[in-house]
Amino acid sequence: MKSCIGSPCARTRPFRRRTGGDHGTWRRWSASTGWPVGSCSISGTNPWASCRPGRGPCRIGCGTGGGRDVGHSGWAHTVSGCGWVHRPDRCVVAWGWSVTPEVSVVVPTHNRTTLLRQTLATVWGQRNVSLEVVVVDDGSTDDTAAVVGAMGDDRVRLIRHETPQGVSSARNHGAAEARGEWVAFCDDDDLWAPDKLQLQLAAVESTGRLWAYAGAVKIDPELRVLGGGPPPSPAELLERLPEWNLMPGGSSNVLVKASAFEASGGFDPALVNLADWDLWNRLALRGAPICVREPLVGYRIHPSNASANTRLILAEAAKLDGRYGVPLHRGDLHHYLAWVSLRSGRRRPAARHFASSVAAGNGKVVAASLATLARGYISRRLPRAVTRPLPSEEELAWQRRASGWLAAMHDGD
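In our numbering, the protein residues as written are 2 to 414.
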């Protein structure tokens, strides 16, 4: 039996019944009066049927049987998004039922339990989004399994590789196991603003785009902002993407439709440092992304993420050079190699790469490189100059906006 009161029934994404009990009930509530204005009751005999509780601004509550509100009863933790949510176009499922998540977040990890805890906290703290988290343990020898198990929720799943297979394979494996309509990736040392997925979902749904990105900032281990500015526009990104990766925040930035990710072939397992750039180019062949112009990703700079070596990057760059129709931009490449060298404490190679970026770079890279060299040689603050070369007023304002949610996260620890 399926009935709707006050609003028509409509089919939407399926869900499965997980436990026995009374009929599940969705109830739509008026945002202005707080009174119920419609509900959908679904019998367990038809577990793939579903109702949409009307349109327009409203609050959605969850209940069972007679439609009791569980927003204040302590049951809300059992279902993602249950309780009071300003999302009238989302299915909010009642007690005893399991809904297909909107977003599957894939977190590849290897021996980083301390950082992983904080990353999982920011992923799980996403607002107003039905999600699952797929953690792929790529051959860790620490207590990664215990950290994931401590989340205490079956919507956080762990996949283990007994031997390391590489970050690209780990991401692909997680995406293959994902159940969501959309897939996002978050490296085990990066952080998200609480509304990252919500804003990106709204952007793709309002435009029909297959993928979305946002802005990012570089942060230190104490969550202080080191640098960053507004992201490139989609037009600028697509224009320059074949010659270099302008995507801020790496793979932790993008939200992509699962079907588009699969059709594009996913991450190339043969690549490590430049695998995300390669994937963005293939996604771009399927259509332009949409940009959420907010600093929603914290890209953490710390000693243990300095494993990237310049020889490997150069080898991968040679492999990708010209793959998408234009030669790789040498100025951008050497600017990146200088940054990688500094992260691993190699100042002389960093200076050489910065000099090369000046010789081959565009105007922005030349300015940043010259400023870095000058400040580094004169004041011996080369590492600081790499991540923060003479920020503009716009960049400073951008960094202050990111500092807000990062400070709240730090205070909550």
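Ideal placement from N, C-alpha and C gives every residue a C-beta, glycine not left out.
Only residues of its own chain outside the window of five on either side were considered, and among them Ser253 have a CB closer than 6 Å to the CB of Asp188, listed in chain order. Where Thr115 is concerned, the enclosing alpha helix (DSSP H) starts and stops at 114-125. Ranked by Cα distance from Ala261, the options Gly181, Phe355, Thr142, Ala409 are led by Gly181. Between the alpha carbons of Val205 and Pro165 lies a distance of about 34 Å. Residue state for Trp245 is assigned as coil, using DSSP reduced to three classes. Three or more beta-carbon pairs separated by less than 8 Å are not found between the region 153-167 and the region 190-203, which leaves the two stretches without contact. Taking each of Trp125, Pro296, Arg347, Val149 in turn and checking the Cα distance to Glu396, the smallest one comes out for Pro296. Within the region 135-197, the beta strand (DSSP E) runs of at least 3 residues that lie entirely inside it are, in chain order, 157-162, 183-186. By the CB criterion at 8 Å, Val108 and Thr120 fall inside the cutoff. Contact check between the region 172-181 and the region 126-144: three or more CB pairs, one atom from each, fall below 8 Å, which counts as touching. DSSP places Ser105 in the strand class (E or B) of the three-state scheme.
In the DSSP assignment, Arg294 falls within the unbroken beta strand (DSSP E) covering 291-301.
Put simply, the backbone Cα of Ala217 is about 25 Å away from that of Pro270.
Here Leu321 carries a helix assignment [DSSP, helix/strand/coil]. Note on geometry: alpha-carbon atoms of Thr142 and Leu159 lie some 15 Å from one another.
Counting C-beta pairs closer than 8 Å gives fewer than three between the region 318-332 and the region 347-356, which falls short of the contact rule. When rounded, the separation of the alpha-carbon atoms in His330 and Ala276 is 17 Å.
Between the alpha carbons of Ala185 and Asn112 lies a distance of about 21 Å. The beta carbons of Trp281 and Leu343 sit about 25 Å from each other, so the pair does not count as a contact at 8 Å. Per DSSP, Gly230 lies in no alpha helix (DSSP H) and is assigned neither H nor E.
If you draw a straight line from the Cα of Glu237 to the Cα of Leu247, it is about 9 Å long.
In the DSSP assignment, Ala217 falls within the beta strand (DSSP E) that extends over 212-220. Within the same chain, Leu275, Leu329, Leu334 come within 8 Å of Ala318 by CB-CB distance, once the 5 residues on both sides are set aside.
By the CB criterion at 8 Å, Ser234 and Cys292 fall inside the cutoff. Annotated as distal: Gly299 and Arg283, with beta-carbon spacing of 8 Å or more. Its chain contains Thr123, Gly299 as the residues whose beta carbon lies nearer than 6 Å to that of Leu192, once the 5 sequence neighbours on both sides are disregarded; these appear in chain order.
The straight-line gap separating the alpha-carbon atoms of Ile302 and Leu224 is approximately 10 Å. Secondary structure note for Leu256: its beta strand (DSSP E) is the uninterrupted segment 256-258. Leu132 sits in a strand when the DSSP states are folded into three classes.
With a threshold of 16 other beta carbon atoms within 10 Å, Pro222 falls short and is exposed. For Thr110, the pairing in a beta bridge is given by DSSP as Asp138. Spatial neighbours of Asn173 in its own chain (CB-CB distance under 6 Å, excluding positions within 5 residues in sequence) are listed in chain order as Gly267, Phe268.
The DSSP-derived three-state label of Ser265 is helix. With respect to the 8 Å criterion, Val148 and Leu117 are classified as neighbours on the basis of their beta carbons. Spanning the alpha carbons of Ile220 and Gly228 requires a straight line of approximately 7 Å. Ser131 counts as buried, since at least 16 other C-beta atoms from the protein chains shown sit within 10 angstroms of its C-beta.
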